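Visitor: One point on numbering: in my numbering, the residue at position 435 of the sequence shown is 481, and numbering is uninterrupted. Think of the CB as a built atom: it goes at the ideal place given N, C-alpha and C, for glycine as much as any other residue. On a predicted model such as this, the values are computed, not experimentally measured, just so you know.
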Amino acid sequence: MRGRLRAPPHRVRSVPVPRCRDPDELVSPHWYVRRTTPQRTGGVGVDRERELRRAGWRLVGSASRDHWGWVATAMAAALCWTGTKVTIPLLAAAAIDQGIVDDDTQALLLYVGLMLVVGAIQAVVSGLRRYGAFRLAFHVETDLRLRLFAHLQRLHFAFHDQAQTGQLMARANTDIQMVREWLMLAPLTAASLMILVSITVVMLVQSVTLALLALAALPLLSVAATRFSRRMGPISFQLQQELAELSGVVEETVSGVRVVKGFGAEQLQVQRLRAEADAVQDRALAASKLRSGFLPLVDFLPAIALVMILWYGGHLVIDGEMQIGQLVAFNSYILMLIWPLRMSGMMVAMSSRMSASAGRVHEVLVTDPIVADPPKGRSLPEGGGEVRFEGVTFGYHDGVSVLDELDLHVRPGEAVALVGPTASGKSTVARLLPRFYDVDAGRVLIDGADVRTLKLEELRSAVGIVFEDTFLFSDSVRANIAFADPDATMEQVRRAARLSGAADFIDDLPDGYETVIGEHGFSLSGGQRQRIAIARAVLADPRVLILDDATSAVDPSKEHEIRAALREVMAGRTTIIIAHRPATIALADRVILVDGGKVVAEGTHDELVATSDRYRDVLAHSGERAAKARRP
């Protein structure tokens with residue numbers, strides 16, 4: 047079986063998510079709702095942006111501690127590398143003063159040989175330092191991405207209803223990549239700081255006066271770095287926000303390319319992309335402007351120190367107060383300071399952007415799922431799939447109820463059709479039973495158990511749903527059908543396809559069940575996609591089957607075949623059919639008319655046709671819509 051849907055399990059390390067002191071101040075409960083107008087100021091308050099960046103630092107720290115072995119390896123190697131870097135100029139000074147100046151060939155050979163040995167050690171520990179840093183970075187990147195992905199899977203449907211996919215993709219990709227890039231350089235920067243400290247100590251031992259001259263500019267650099275960091279932080283945060291918005295436009299355009307082309311809206315989307323790209327460019331240029339003012343200062347200060355050392359140290363050598371080898375060593379140390387200082391400056395800039403990225407990841411990880419497993423979740427009791435809605439009130443938005451004290455009873459093994467006008471609440475019933483959402487009032491029960499008390503995995507395994515809008519993965523037909531049960535045999539897959547009426551067209555595909563269908567299954571017709579979705583639900587063998595207008599895209603000439611197959615699937619199984627076609631409604635033992643979020647009538651199809659004016663109106667309007675949909 048082509049197994050992209052069955053990737054081998056990855057062991058995700060359990061890393062605690064650092065909590066802020068006041069989560070309500072840190073994470074807006076609706077941060078993920080797509081903004082309707084561009085916010086070129088970044089879209090978050092300054093205080094919240096700062097707190098998010100602090101939370102980002104805590105997240106990276108906690109994730110890195112889980113790989114302390116590689117942290118220790120990288121830091122130990124960095125310490126050894128620092129020692130070798132500082133030692134080589136001292137050996138060079140000794141070779142000059144004791145070998146060349148004193149005309150001592152043996153001393154010269156000794157120090158040159160020692161320099162070669164130290165250089166070889168430096169090469170080895172340098173490689174180990176980089177390897178440790180890279181292993182740490184990639185491990186943390188993988189862990190954070192898997193934790194984020196797992197958390198997104200746990201988040202409630204209301205979150206995904208409102209969250210912009212591009213925003214989530216940006217956090218899973220570019221934001222976590224920024225954390226990885228920072229971690230790659232962090233041990234190298236630590237080594238640079240070690241060199242800075244070591245060189246300072248060595249220079250002070252050699253000559254306090256020269257050392258003070260060389261380091262006189264460091265306080266100025268420290269002040270500049272602090273101001274740079276404070277100004278770069280908000281810009282970095284806003285840049286990551288704008289990149290996420292840009293990602294959202296690209297994702298929507300690619301996903302909705304058929305709609306875009308169908309309405310000839312290519313230029314409109316290009317304009318949207320240009321607006322977001324311009325916003326990204328503005329932030330990136332602002333960041334570059336800051337860096338362009340700070341990094342040259344980092345390069346210039348060591349040059350000033352070098353001139354001062356040559357001028358003052360040269361006088362000391364001329365006056366005989368210093369050996370020429372010492373001056374050469376001092377000059378070497380000044381030159382060695384250039385890269386650590388530049389590296390530190392780069393890391394100040396990169397740290398601002400990394401903390402902003404990590405803060406955005408943290409923002410997702412501390413978003414709690416509204417619908418989650420109860421603390422002491424019960425197993426699903428034995429039963430035949432009895433379903434009850436008792437006084438259920440529910441709305442997707444505050445103050446707007448879709449269901450209003452709805453009472454509904456489906457007996458075990460019974461097939462019930464829910465019929466009603468658009469927005470009457472039929473599909474909402476299908477979403478409340480597997481607890482995609484929690485009711486505002488009342489109870490939803492399956493086999494006598496309130497769904498809010500059950501383990502989510504067991505509940506959703508017991509309820510199979512075929513949605514009107516079918517989603518298929520870009521994988522083989524077999525993998526899509528077996529998604530509900532990856533361990534299913536080929537015979538089980540074929541049986542499910544046969545029961546759903548999909549077997550004939552699957553056999554006609556180029557590679558049969560191994561044919562890879564395009565993204566979302568768009569290489570198949572709407573009816574073919576729906577039949578594969580039905581096969582997927584059949585293979586799951588649920589206790590309760592929900593067909594949410596699941597045959598709406600099926601060719602009328604094939605509908606009788608699908609109905610015959612569905613009768614076999616539904617036999618003895620509790621089934622809720624949401625439909626508007628009389629032929630599909632005829633599959634049900636009983637019909638329930640839902641209007642305004644309430645049950646207003648129930649009975650057989652013939653009984654309701656004879657007694658309910660509202661039922662006849664609904665069927666008439668449904669027939670008109672179906673006729674218009676079929677009209678060329």
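Counting along the chain, where does the beta strand (DSSP E) carrying F519 start and finish?
Guide: On the sequence shown, position 473 is the one that residue 519 refers to. Taken as a continuous stretch (DSSP letters only), F519 belongs to no beta strand (DSSP E), as it is neither H nor E.
Visitor: According to DSSP, K644 sits in a beta bridge with which residue or residues?
Guide: In the sequence shown, the residue the question calls residue 644 occupies position 598. Answer is D641, bridged to K644.
Visitor: Taking contact to mean 3 or more Cβ pairs, one atom from each stretch, closer than 8 Å, check whether the region 570-590 and the region 519-527 are in contact.
Guide: The region 570-590, when compared against the region 519-527, does touch it at the 8 Å Cβ threshold.
Visitor: Tell me which same chain residues have a C-beta within less than 7 Å of the C-beta of S546, skipping the five on either side of it?
Guide: Start at 1 with the first residue of the sequence shown, and residue 546 comes out as number 500. Excluding positions up to five away in sequence, the list reads R577, I580, A581, V584 and A611.
Visitor: Are S108 and D221 touching if we call contact CB-CB under 8 Å?
Guide: Position 62 of the sequence shown, counting from 1, holds the residue named residue 108. Position 175 of the sequence shown, counting from 1, holds the residue named residue 221. Going by C-beta atoms, S108 is not nearer than 8 Å to D221.
Visitor: Taking Cβ positions, are A101 and R175 nearer each other than 8 Å?
Guide: As a working note, residue 101 is residue 55 in the sequence shown. As a working note, residue 175 is residue 129 in the sequence shown. In this structure, R175 does not lie closer than 8 Å to A101 by Cβ.
Visitor: Expressed to the nearest angstrom, what Euclidean distance is found between the alpha-carbon atoms of R627 and S668?
Guide: Position 581 of the sequence shown, counted from the first residue, corresponds to residue 627. Position 622 of the sequence shown, counted from the first residue, corresponds to residue 668. So the alpha carbons of these two residues sit roughly 7 Å apart.
Visitor: Can you tell which of D419, V132, R619 and R217 has its C-alpha closest to the C-alpha of D587?
Guide: Here the question's residue 587 lines up with position 541 in the sequence shown. The residue with the shortest Cα to Cα distance from D587 is R619.
Visitor: Grouping DSSP H, G and I as helix and E and B as strand, with all else coil, what is V412?
Guide: The sequence position of residue 412 within the sequence shown is 366, counting from 1. The answer is coil: DSSP assigns V412 none of H, G, I, E or B.
Visitor: With DSSP as the reference, label I622 as helix, strand or coil.
Guide: Within the sequence shown, residue 622 is the residue found at index 576, counting from 1. Correct three-state label for I622: strand.
Visitor: Which residues in the same chain as D453 place their Cβ atom closer than 7 Å to its Cβ, once the five residues preceding and following it in sequence are excluded?
Guide: Locating residue 453 in the sequence shown gives position 407, where the first residue counts as 1. The residues are F435, E436, G437 and V645.
Visitor: Does DSSP put G471 in a helix, in a strand, or in coil?
Guide: As a first step, residue 471 must be located in the sequence shown, where it is residue number 425. In this structure, G471 counts as coil in the three-state DSSP scheme.
Visitor: Roughly how far, in whole angstroms, is the beta-carbon of P427 from the beta-carbon of A487, given that I think they are within contact range, below 8 Å?
Guide: The count along the sequence shown starts at 1 and reaches residue 427 at position 381. The count along the sequence shown starts at 1 and reaches residue 487 at position 441. The Cβ separation is near 24 Å, so there is no contact.
Visitor: First and last residue of the beta strand (DSSP E) that includes D594?
Guide: To locate residue 594, count along the sequence shown from 1; it is residue 548. Element bounds for D594: V590 to D594.
Visitor: If distances are taken between C-alpha atoms only, which option among A463, V475 and E288 comes closest to L449?
Guide: Taking the first residue of the sequence shown as position 1, residue 449 is located at position 403. The residue with the shortest Cα to Cα distance from L449 is V475.
Visitor: Compare the C-alpha of I167 against each of F184, R181 and I134 and name the closest.
Guide: Here residue 167 refers to the residue found at position 121 when the sequence shown is read from its first residue. Of the candidates F184, R181 and I134, the one whose C-alpha sits nearest the C-alpha of I167 is I134.
Visitor: Around the C-beta of S110, are 16 or more other C-beta atoms found within 10 angstroms, so that it is buried, or is it exposed?
Guide: Counted from its first residue, the sequence shown places residue 110 at position 64. With 16 or more other Cβ atoms within 10 Å, it is buried.
Visitor: Give every residue of the same chain whose Cβ lies closer than 7 Å to the Cβ of M382, excluding the five residues on either side of it in the sequence, and list them in chain order.
Guide: On the sequence shown, residue 382 is found 336 positions in, with the first residue counted as 1. These residues qualify, in order along the chain: K131, I241 and I245.
Visitor: R434 bridges to which residues according to DSSP?
Guide: As a working note, residue 434 is residue 388 in the sequence shown. DSSP, once it has assigned bridges, lists H455 and L491 as partnering R434.
Visitor: Rounded to whole angstroms, how far is the Cβ of P415 from the Cβ of L201, which I believe are closer than 8 Å?
Guide: Counting from one through the sequence shown, the residue named residue 415 turns up at place 369. Counting from one through the sequence shown, the residue named residue 201 turns up at place 155. At roughly 5 Å, the Cβ-Cβ gap stays under 8 Å, so P415 and L201 are in contact.
Visitor: Please classify E565 as buried or exposed, where buried requires at least 16 neighbouring CB atoms within 10 angstroms.
Guide: In the sequence shown, the residue the question calls residue 565 occupies position 519. Under this definition E565 is an exposed residue.
Visitor: Give me the Cα-Cα distance between A542 and S282, rounded to the nearest whole angstrom.
Guide: By 1-based counting over the sequence shown, the position of residue 542 is 496. By 1-based counting over the sequence shown, the position of residue 282 is 236. Their Cα atoms are separated by approximately 52 Å.
Visitor: Under 8 Å Cβ to Cβ from L259, same chain only, skipping five residues before and after it: list those, please.
Guide: Residue mapping note: residue 259 aligns to position 213 of the sequence shown, counting from 1. Excluding positions up to five away in sequence, the list reads A351, M354, I355 and Y358.
Visitor: Residues bridged to F440 by DSSP?
Guide: Along the sequence shown, one-based indexing puts residue 440 at 394. Beta-bridge pairing links F440 to L449.
Visitor: Tell me, which residues are paired with D496 by DSSP?
Guide: To locate residue 496, count along the sequence shown from 1; it is residue 450. BP columns for D496 point to L491.
Visitor: So, L160 versus L125, is the Cβ gap smaller than 8 Å?
Guide: What you label residue 160 is simply residue 114 of the sequence shown in a count that begins at 1. What you label residue 125 is simply residue 79 of the sequence shown in a count that begins at 1. Going by C-beta atoms, L160 is not nearer than 8 Å to L125.
Visitor: Measure from the alpha carbon of L194 to the alpha carbon of each residue in V410, T630, A469 and A596, then state which is nearest.
Guide: Walking along the sequence shown from the start, residue 194 turns up at place 148. Selected option, being the one with the closest Cα: V410.
Visitor: Give every residue of the same chain whose Cβ lies closer than 7 Å to the Cβ of P458, excluding the five residues on either side of it in the sequence, and list them in chain order.
Guide: Taking the first residue of the sequence shown as 1, we reach residue 458 at position 412. Around P458: G429, G430, G431, E432 and T620.
Visitor: Between A232 and M393, what straight-line distance do the alpha-carbon atoms span, to the nearest angstrom?
Guide: Position 186 of the sequence shown holds residue 232. Position 347 of the sequence shown holds residue 393. C-alpha separation (whole angstroms): 8 Å.
Visitor: Please state the DSSP three-state secondary structure of G558.
Guide: Taking the first residue of the sequence shown as 1, we reach residue 558 at position 512. It is helical.
Visitor: Where V171 and V344 are concerned, what is the direct C-alpha to C-alpha distance, given to the nearest angstrom?
Guide: Taking the first residue of the sequence shown as 1, we reach residue 171 at position 125. Taking the first residue of the sequence shown as 1, we reach residue 344 at position 298. About 27 Å.
Visitor: So what's A33 in DSSP terms, helix, strand or just coil?
Guide: There is simply no residue 33 to check, as the chain begins at 47 and stops at 678 in what is shown.
Visitor: State the Cα-Cα distance for the pair S338 and R104, rounded to the nearest angstrom.
Guide: Taking the sequence shown and counting its residues from 1, the one referred to as residue 338 is at position 292. Taking the sequence shown and counting its residues from 1, the one referred to as residue 104 is at position 58. Rounded to the nearest angstrom, the two C-alpha atoms are 29 Å apart.
Visitor: Taking the C-alpha atoms as reference points, what is the distance between R277 and A196?
Guide: Taking the sequence shown and counting its residues from 1, one reaches residue 277 at position 231. Taking the sequence shown and counting its residues from 1, one reaches residue 196 at position 150. Answer to the nearest angstrom: the Cα atoms are 35 Å apart.
Visitor: In the DSSP output, which residue or residues are listed as bridge partners for I511?
Guide: For the purposes of this step, residue 511 is taken as residue 465 along the sequence shown, with counting starting at 1. Partner(s): I592.
Visitor: Taking a contact to mean a Cβ-Cβ separation below 8 Å, would you say A257 touches G391 in this structure?
Guide: The residue you call residue 257 lines up with position 211 of the sequence shown. The residue you call residue 391 lines up with position 345 of the sequence shown. Result no, Cβ atoms of A257 and G391 do not sit closer than 8 Å.
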